[in-house]
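Mapped onto this note's numbering, the consecutive letters of the sequence shown carry residue numbers 44 to 320. For every residue, glycine included, the Cβ atom is placed at its ideal position computed from N, Cα and C. Remarks on the structure that follows.
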Amino acid sequence: MEKAPDRLEVLDRIKEYELNGKFDVDVENDPPFKPIMPNEVDYLNKKLSSKIKRFFSYKIALSFVNKCIKNRTLIIKDIIGKENLDLVKGGAIVTCNHFNAFDNFAIYEAFKHKFTRKKRMYKVIREGNYRFNGFYGKLMRNCDTLPLSSNIKTMVKFLNAVDYLLQTGNYILIYPEQAMWWNYRKPRPFKVRAFKFASKNNVPVIPCFITMSDSDKIGKDGFPIQEYTIHIMKPLFPDKNKTAKENAEEMCQKNYEMCVETYEKVYKQKLTFTTKR
């Protein structure tokens, strides 16, 4: 099967960006979008209309994920470290490497046994994703997402929502690598923002890292569909004797080191980049 030109283009761009150390820059050809205004997003689903949209959108999303698993377009080979979730009782920041639009579905599957009516997993998403049309756009707008925004007033609502959700015992999934690099296996350098949220709200970080291997099934893009192994590592807790800044930076560094360790153990090779010095 011929490989999809858009995926080959993305892979070439990933090589270029790694070489130049542009690890947090998007590689997909996403369309331009308008900023999200404060009145456009109901972060906490307070409106009745938001609750109704969420209910039906989640039913559609769960059906879609189950279909993907059945058809092996989403393959979860193993989940390692589920017992580490028992160490966290309240809210938490969940971190993961970002390499596919489906990686959040994989994390959802790994955590779903911990969900209750009052404990959910919210996902921080980029502003452009909230503007998607069609099926994926509906999911992005209605399935417990927290879109970032280039509008300052909207970001105030975002930050308040993050604080509230963590304080009321929810999980928030954030990708500290920031950009999605398709099927990229290495852990990229982290941004500290996610860890600032944890430190400010005195909640732990649950580090996750997904490793991949080629399956025997070829996707519509001509590439092997990846089999995912989800590694849930021991949670990182803020130190009450340290400042918020110190905690954020130390949790960020430790989380990254844990991902590197997992990468090197699973792939049996040292982590190196082609980045020019």
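{"query": "Secondary structure of F233, DSSP reduced to three states", "result": "coil"}
{"query": "8 Å Cβ cutoff met for D67 and Q221", "result": "yes"}
{"query": "Element boundaries [beta strand (DSSP E), containing I136]", "result": "A135 to T138"}
{"query": "Whole-angstrom distance between Y173 and R184, CA atom to CA atom", "result": "6 Å"}
{"query": "Burial state of H156, where buried means 16 or more other Cβ atoms lie within 10 Å", "result": "exposed"}
{"query": "Same chain, Cβ closer than 8 Å to V70, neighbours up to 5 away in sequence not counted", "result": "V53, R56, I57, Y60, A222, M223, W224 and W225"}
{"query": "Coarse secondary structure for C17, derived from DSSP in three states", "result": "Because the chain spans 44 through 320 in this model, residue 17 falls outside it and cannot be assessed."}
{"query": "Range covered by the beta strand (DSSP E) that runs through L216", "result": "Y214 to I217"}
{"query": "K311 versus K94 - alpha carbon distance", "result": "46 Å"}
{"query": "Coarse secondary structure for Y86, derived from DSSP in three states", "result": "coil"}
{"query": "Whether L21 touches A104 by CB criterion (8 Å)", "result": "Nothing in the structure corresponds to residue 21, since the chain is present only between 44 and 320."}
{"query": "Alpha helix (DSSP H) runs contained entirely in the stretch 267-308, provided each spans 4 or more residues", "result": "none"}
{"query": "Own chain residues within Cβ distance below 6 Å of T188, not counting five before or after", "result": "K166 and I168"}
{"query": "DSSP-derived helix/strand/coil call for F201", "result": "helix"}
{"query": "Range covered by the beta strand (DSSP E) that runs through F252", "result": "V248 to I261"}
{"query": "Distance, A135 Cα to K196 Cα", "result": "25 Å"}
{"query": "Minimum Cβ-Cβ distance from M276 to chain D less than 8 Å", "result": "This model lacks chain D altogether; it includes just one protein chain."}
{"query": "Endpoints, the alpha helix (DSSP H) within which V167 is located", "result": "First-last for V167: M164 to I168, but that is the beta strand (DSSP E), not the alpha helix (DSSP H)."}
{"query": "Where N72 falls, given that 16 or more other Cβ within 10 Å makes a residue buried", "result": "exposed"}
{"query": "Local conformation of K94 per DSSP, three classes", "result": "helix"}
{"query": "Limits of the unbroken alpha helix (DSSP H) element including K58", "result": "P48 to L62"}
{"query": "Residue closest to G212, alpha-carbon to alpha-carbon, out of V137, Y306, I118 and E300", "result": "V137"}
{"query": "Where the beta strand (DSSP E) through D146 begins and ends", "result": "No beta strand (DSSP E) holds D146; the alpha helix (DSSP H) holding it covers D146 to F154."}
{"query": "A149 and L117 closer than 8 Å at C-beta", "result": "yes"}
{"query": "Three-state secondary structure assigned by DSSP to I123", "result": "strand"}
{"query": "Straight-line gap, Y86 to F175 (C-alpha atoms, nearest Å)", "result": "17 Å"}
{"query": "Straight-line Cα distance separating L62 from F316", "result": "8 Å"}
{"query": "Meets three-Cβ-pair contact criterion under 8 Å: the stretch 200-207 and the stretch 117-134", "result": "no"}
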